[in-house]
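Below is one structure; the comments refer to it alone.
Residue numbers (the working numbering): 15 to 202.
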C-alpha cells in the first residue's frame, strides 16, 4: 500500500510537469510555424495579441553576457526545486506549485538547449508603469517606463502561477519548514 501511494504521488507530479512541458512546447511550435512570418495577430484588439518574439536573454528580455553561467544556474535552480519537491512529501500545495514551476522551467530550458533562445508569443497590454529613477541606498536607479508587459509564453505563465500558489499557501497553510521539522520528529 505504501509503495502504491508513493508511486501514485510521484506519478501525479510527473504528469503535471509533462503536461505543462508538452503544452508549452506545442504552443511554441505553433507560434514558430504560424506567427513567425506575420509577427503579430490582435486577438482582443490591442489588449491581447499573439506576437512572435525570440528571446535570447532571460525573463522580461533582460540580456545576459555569459550564457553558460546562466544555463548552469538555471539547472542548479531546477535541482534545488526537485530537492524541495521531495522534501515536502506531505504538503500538497507546495509540491503542486513546485511541479508547475518545474514544468515551466523545463519548457524554457528545452528552448535554450535546442534553439539557443526562448520562443515567446503571449502579448498583453498592462497599465503603464513609470519610474522616474532616483537613489536607493548606494545605487542610482535609472528612469524606466513600460507600456506593455514583456511578451511571454506558457512556461513563464506556469512559473508565475507556481509562485502565486506558493505565496498563497504560505499564508493559509503551515510553512514548509514546519512540515519538514514535523517529519524529522516523527522519524525519531
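Think of the CB as a built atom: it goes at the ideal place given N, C-alpha and C, for glycine as much as any other residue.
{"Asked": "Pull up the DSSP beta-bridge partners for residue 148, would you.", "Found": "155"}
{"Asked": "Starting from residue 123, follow the alpha helix (DSSP H) in both directions and report where the run begins and ends.", "Found": "106-129"}
{"Asked": "Taking DSSP as the reference, what is the three-state secondary structure of residue 96?", "Found": "helix"}
{"Asked": "What is the DSSP secondary structure of residue 165, reduced to helix, strand or coil?", "Found": "coil"}
{"Asked": "Can you tell me whether DSSP reads residue 23 as helix, strand or coil?", "Found": "helix"}
{"Asked": "From residue 119 to residue 175, what does the alpha carbon distance come to, in whole angstroms?", "Found": "12 Å"}
{"Asked": "Can you give me the Cβ contacts of residue 197 inside the same chain, cut-off strictly under 6 Å, excluding the 5 residues immediately before and after it?", "Found": "Below a pLDDT of 50, predicted positions are generally treated as unreliable, and residue 197, at 49, falls in that range; no measurement from the model is reported."}
{"Asked": "Here's the rule I'm using: 16 or more other beta-carbon atoms within 10 Å means buried, otherwise exposed. How should residue 65 be labelled?", "Found": "buried"}
{"Asked": "Runs of 3 residues minimum, wholly inside the stretch 28-89: which ones carry the beta strand (DSSP E) assignment?", "Found": "54-58 and 62-69"}
{"Asked": "Using a Cβ-Cβ cutoff of less than 7 Å, which residues in the same chain neighbour residue 46 once the five nearest sequence positions on both sides are dropped?", "Found": "133"}
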